[in-house]
Each structure stands twice: as structure tokens, then as C-alpha cells.
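For the sequence shown, the working numbering assigns the number 6 to the initial residue and increments by one for each residue that follows.
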Amino acid sequence: MPLHGRSLSDAVFVPQNWAGPPLLIETGIRVIVTYVEHDRVGNGGRIELASEVVKPWWRETIETIVWAFALAMVIRTFIVQAFWIPSGSMIPTLEVGDRVLVAKFWNWFFEPSRGTIYVFRYPEDRSRDFVKRIVAVPGDTVDIQEGVVYVNGSPIDEPYVKNRDHYTLRPSRIFPESPFTVPPDSYFAMGDNRPNSQDGRFWGFVPASDIHGPVFFRYWPLSRIGFPR
């Protein structure tokens with residue numbers, strides 16, 4: 006695939022029900038238990054245990070669902086979020102259909118590092134999320150010649166890149182200077198599948214505030230379960 010005119014198929018998607026099954030199972034168990042208690046006790050749906058009045062079964066069920074939903078939202082927003090990989094821009098590290106977990110809490114304690122895979126908001130359309138590998142951090146000088154990436158004057162070792170192109174960095178609207186320096190609070194990211202990746206070469210830098218977190222675990226498919234590197 007040519008390097009120009011790529012589609013936005015690099016965007017990753019969020020499974021809407023990734024946390025659903027465990028929470029639904031828990032909720033179902035609570036519903037059954039509370040219903041059985043209600044049926045056993047009989048009229049009023051109340052039972053006294055050690056002088057404590059148990060709430061009506063329907064109220065406890067509603068509270069369980071509300072708390073389960075709230076807990077899922079907290080986990081998804083601040084701790085861990087699941088993403089689905091729809092494109093081949095990170096092949097062979099991540100393949101089409103892979104489902105991964107992103108550690109959103111990581112950024113509270115650590116800054117993004119070179120060589121780590123991150124999910125972030127696409128700078129040209131922040132409603133989309135992209136997954137790429139951080140190649141350079143703030144203050145780094147970057148050059149690309151015939152597909153070889155140089156950071157601070159030295160070629161970087163990229164054993165994860167199995168499909169390399171012959172891209173050469175030249176002065177452009179995005180990068181007026183070649184080589185260029187990564188600005189403060191920004192990062193330069195690229196896909197592992199270089200000929201088929203819509204990455205920083207074509208839209209520039211990722212603001213630190215738009216980074217969700219690192220990909221730390223692949224949970225699907227089961228044949229590829231593990232820690233992507």
C-alpha cells in the first residue's frame with residue numbers, strides 16, 4: 006500500500022461489553038439469591054437477622070446493578086480499558102482482531118517511554134483512538150532515511166519491524182525542518198507495519214494529554230494471549 010492517501014482504518018475501537026459478562030454474572034447471582042430469600046420468607050419481602058432489617062429484594066437488586074455499573078465506569082475511565090485492533094498497522098506485534106487491555110493509570114506514575122506501544126487520541130480527529138509505538142520523546146531529534154529511523158543521531162534497533170519501507174523524511178508542512186526535534190509535552194509515534202501505517206510521519210506529534218496509556222496485555226485470541234512487546 007502506498008504511503009499516501011491512507012484511510013483511517015488504523016483507529017482502534019472500544020468493545021462496549023468487555024466488562025459486561027462478569028458484572029452480569031455477579032448481578033444475576035445476586036438477583037437469584039435475593040429472590041430465593043424473598044420467596045422463603047414470604048410476605049413483605051423482609052427478614053430479620055441479628056436485629057437487622059434486610060432491604061426488599063427488588064431494591065437490593067437495583068442497587069447491585071447501579072453499583073456494578075458505577076464500578077465498571079470507574080475501572081474503564083481511570084484504571085483499565087479494553088480495545089479491539091481493526092487494522093494491520095501494528096503487524097506482526099498486534100494483528101487484526103486482537104483484543105488488548107490498556108493501563109490508563111500508568112500515566113499517573115510514569116511518562117511514556119521509547120519502544121512502548123500506546124493507545125492515544127488521533128490528533129486530527131480526537132474522536133478516534135490509534136495504537137502505535139512511541140519512537141521519540143520530548144527533546145529527541147528524529148531523522149528517517151530509507152526507512153531507517155535515527156534518534157539523536159543514532160539508528161534505533163527495531164526488531165519488531167518486519168516489514169520496512171523506504172520512507173525518507175524531507176521538509177514539509179508537518180515537519181518544516183529535517184531532522185526535526187520533538188517539542189515539549191509531545192511524542193512521535195509510528196506503526197510496526199511501516200508501509201501500511203498512518204502514523205506520525207503524516208500527521209505529526211501526539212500531545213501527552215491525549216495518551217490513554219500503554220498496551221500491557223492481549224486477552225484475545227487465546228492462541229496469542231500474552232504481553233505484546
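Just so you know, even glycine gets a beta-carbon here, dropped at the ideal spot from N, CA and C.
**Asked** In angstroms, rounded to a whole number, what distance separates the CA positions of glutamate 129 and arginine 138?
**Response** 18 Å
**Prompt:** Is the Cβ-Cβ distance between alanine 16 and aspartate 134 less than 8 Å?
**Reply:** yes
**Request:** From the DSSP output, in three-state form, read off valine 124 for me.
**Result:** strand
**Message:** Closest to arginine 131 by C-alpha separation, out of Pro212, Arg234 and Leu227, would be which residue?
**Reply:** Pro212
**Asked** Which ranges does the alpha helix (DSSP H) cover as unbroken runs of at least 4 residues, wholly within the region 82 to 109, from first to last along the chain?
**Response** none
**Item:** Environment of isoleucine 67 [buried if 16+ CB atoms lie within 10 Å]
**Value:** exposed
**Request:** Give a yes or no on contact between the region 166 to 182 and the region 115 to 125, applying the rule of three or more CB pairs nearer than 8 Å.
**Result:** no
**Asked** Which whole-angstrom value is the C-beta distance of glycine 267 and histidine 171, which I expect to be below 8 Å?
**Response** The requested residue 267 does not occur in the structure, where the chain is confined to residues 6 to 234.
**Message:** Could you give the first and the last residue of the continuous alpha helix (DSSP H) run that contains phenylalanine 207?
**Reply:** 205 to 208
**Asked** Should isoleucine 122 be counted as a contact of the ligand ZN given a C-beta to heavy atom distance under 7 Å?
**Response** For the ligand ZN, the structure offers nothing, since it holds no ligand at all.
**Alpha-carbon to alpha-carbon, isoleucine 179 and isoleucine 230** = 37 Å
**Prompt:** To the nearest angstrom, how far is it from the Cα of valine 142 to the Cα of phenylalanine 185?
**Reply:** 12 Å
**Prompt:** What is the rounded straight-line gap between the Cα of tryptophan 208 and the Cα of arginine 175?
**Reply:** 14 Å
**Prompt:** Does the Cβ-Cβ distance between valine 105 and isoleucine 90 come in under 8 Å?
**Reply:** yes
**Message:** At 3 residues or longer, what runs of the beta strand (DSSP E) sit wholly inside the region 119 to 189?
**Reply:** 122 to 127, 130 to 141, 146 to 150 and 153 to 156
**Prompt:** Which of helix, strand or coil does DSSP assign to methionine 195?
**Reply:** strand
**Opposing strand residues paired with valine 220 [DSSP bridges]** = Val107
**Inter-residue spacing [alpha-carbon to alpha-carbon] between glycine 235 and alanine 194** = There is no way to answer for residue 235, as the model of the chain reaches only from 6 to 234.
**Prompt:** Relative to the alpha-carbon of aspartate 162, which residue among Val140, Pro61 and Ser177 has its alpha-carbon at the smallest distance?
**Reply:** Val140
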